[in-house]
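> Below is one structure. I have some questions about it.
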Amino acid sequence: MGITKSDIFTEKQNDLAQFFKVLGHPARVAILQYIGSQNSCICNDLVEEIGLAQATISQHLKELKSIGLLKGEIEGKKMCYCINVERWEEIQQHLNQFFNNTKSNCC
Numbered sequence: 001m002g003i004t005k006s007d008i009f010t011e012k013q014n015d016l017a018q019f020f021k022v023l024g025h026p027a028r029v030a031i032l033q034y035i036g037s038q039n040s041c042i043c044n045d046l047v048e049e050i051g052l053a054q055a056t057i058s059q060h061l062k063e064l065k066s067i068g069l070l071k072g073e074i075e076g077k078k079m080c081y082c083i084n085v086e087r088w089e090e091i092q093q094h095l096n097q098f099f100n101n102t103k104s105n106c107c
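Each residue of the sequence shown is one higher than the one before, counting from 1 in this note's numbering.
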């Protein structure tokens with residue numbers, strides 16, 4: 001979708017599209033699932049948990065942070081990540097509205 005075309009859609013439509021685009025890679029889904037299953041922010045090495053190179057993990061974390069799903073804090077030499085609960089709930093509301101307002105009108 002070109003930059004000039006996105007302005008004809010609502011903010012919610014663009015937000016959902018960006019969300020789906022970022023979650024379009026299974027590594028990002030795995031990262032979110034892992035971080036979301038922890039009781040606190042994670043500071044450990046995701047390379048061992050996910051099985052991808054550090055540079056690849058970093059790129060995926062950057063994409064997840066770009067839409068606000070993750071928060072990150074620097075602790076010493078490590079970056080700690082956790083789910084941004086406010087943004088997570090906002091996306092959840094958008095998705096609920098999207099699915100609840102979709103009619104089952106197929107033959």
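Glycine included, every Cβ here is placed at the ideal spot set by N, Cα and C.
What's the gap between the Cα of Glu90 and the Cα of Asn101?
Between Glu90 and Asn101, the C-alpha separation is close to 17 Å.
> Pick helix, strand or coil for Lys71, following the three-state DSSP scheme.
Three-state DSSP puts Lys71 in a strand.
> Got a sec? Which residues, its chain only, sit under 6 Å from Ala30 by beta carbon, not counting five neighbours each side?
Around Ala30: Ile50.
> Give me the Cα-Cα distance between Lys103 and Ile67, rounded to the nearest whole angstrom.
Approximately 28 Å, taken between the alpha carbons.
> Nearest CA to the CA of Gly24: which residue from Asn14, Thr10, Glu63, Val47?
Of the listed residues, the one whose Cα sits closest to Gly24 is Glu63.
> Under a three-way DSSP split, which group does Ile8 fall into?
If DSSP states are grouped into helix, strand and coil, Ile8 belongs with coil.
> Three-state secondary structure (DSSP) at Lys78?
It is a strand residue.
> Measure the beta-carbon distance from Ile57 to Leu69 and round it to whole angstroms, keeping in mind my assumption that it falls under 8 Å.
Their Cβ separation, rounded to whole angstroms, is 15 Å, which puts Ile57 and Leu69 out of contact at 8 Å.
> DSSP beta-bridge partners for Ile42?
Partner(s): Tyr81.
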